[in-house]
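Following my numbering, the numbering of the sequence shown begins with 228 at its first residue and continues without gaps.
Don't be surprised by glycine CBs; every beta carbon is placed ideally from N, CA and C.
Since the structure comes first, as structure tokens, the remarks are kept for the end.
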Amino acid sequence: MSAGDRGYQHRVEYAEFLDQVRLAGAPVPAEQAAQAVLGALGEHLPPGTAGYLAGSLPPQVAGWVARRPEDVRPDDTPPELLTHEIARRCGCPDEAAPDAIRAVLLAVYRAVPGGVMYKVRAYAPGGVSALLRDHAPERSDDRRRSGVAAGLAG
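What follows is the structure, given as structure tokens:
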């Protein structure tokens with residue numbers, strides 16, 4: 228199924244996505260940071276939420292959002308352990324991981340509709356939710372553009 232079949236055209240292309248990660252200050256090569264952050268994020272999100280996020284990203288990036296089997300519940304890994312896991316995957320010190328997380332999440336935020344990030348925030352377990360809260364800005368259109376939250380928009 229192509230992006231056009233889903234009714235959504237990707238806002239950014241692969242190269243532009245990586246440029247945004249790079250410009251946002253990733254401490255390692257952009258592709259390396261994106262693979263590490265999106266892989267860890269996907270492994271700790273509910274499967275449907277990870278799939279929804281992946282489906283909203285450029286196709287070359289979507290495969291990096293690792294998904295759990297449907298029968299495995301996401302855990303509530305503390306944010307410091309997620310940060311350490313991302314640092315290990317990035318091949319950078321733990322102190323540099325927040326910069327990688329922030330850079331990738333800013334690029335993701337620019338690449339997907341607001342409703343996608345609202346749903347990711349809404350269904351993320353505590354540790355992932357804390358990472359998103361600490362490293363990704365909330366847009367005013369996150370709730371308004373989400374089908375899940377249509378009745379919540381003010």
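Selection from the options that minimises the alpha carbon distance to residue i
i	options	result
glycine 318	Pro305, Glu240, Ala253, Gly269	Ala253
isoleucine 328	Ile313, Tyr241, Pro320	Ile313
arginine 315	Ala351, Ala267, Val292	Ala267
aspartate 361	Arg337, Val248, Leu332	Leu332
valine 248	Ala334, Val264, Glu322, Pro285	Ala334
alanine 289	Glu270, Leu265, Pro274	Leu265
alanine 263	Pro273, His311, Gly275	His311
alanine 357	Trp291, Val255, His271, Pro256	His271
Cα-Cα separation between residue i and residue j, rounded to whole angstroms
i	j	result
leucine 250	alanine 330	8 Å
histidine 237	glutamate 258	A caution first: histidine 237 carries a pLDDT of 46, below 50, which makes its placement in the model unreliable, though a value can still be read off. When rounded, the distance between both Cα atoms is 18 Å.
tyrosine 279	leucine 359	16 Å
leucine 215	proline 325	Look at the range of the chain in this structure, 228 to 381, and you will see that residue 215 is not part of it.
glycine 341	proline 320	31 Å
methionine 344	arginine 337	10 Å
alanine 323	alanine 293	22 Å
arginine 348	proline 286	22 Å
proline 352	tryptophan 291	19 Å
valine 255	lysine 346	28 Å
alanine 281	aspartate 246	19 Å
Distance cut-off 6 Å: residue i Cβ against heavy atoms of the ligand MN
i	result
glutamate 307	Here there are no bound small molecules, and the ligand MN is not part of this structure.
Assumed close pair residue i, residue j - CB separation to whole angstroms, cut-off 8 Å
i	j	result
valine 339	serine 283	4 Å
alanine 260	glycine 269	Not really, about 15 Å apart at Cβ, beyond 8 Å.
tyrosine 350	proline 273	5 Å
Counting only runs that start and end within the region 246-282, where is the alpha helix (DSSP H) found for 4 or more residues in a row? 257-271, 274-282
Any 3 or more C-beta pairs closer than 8 Å across the region 240-248 and the region 301-311: no
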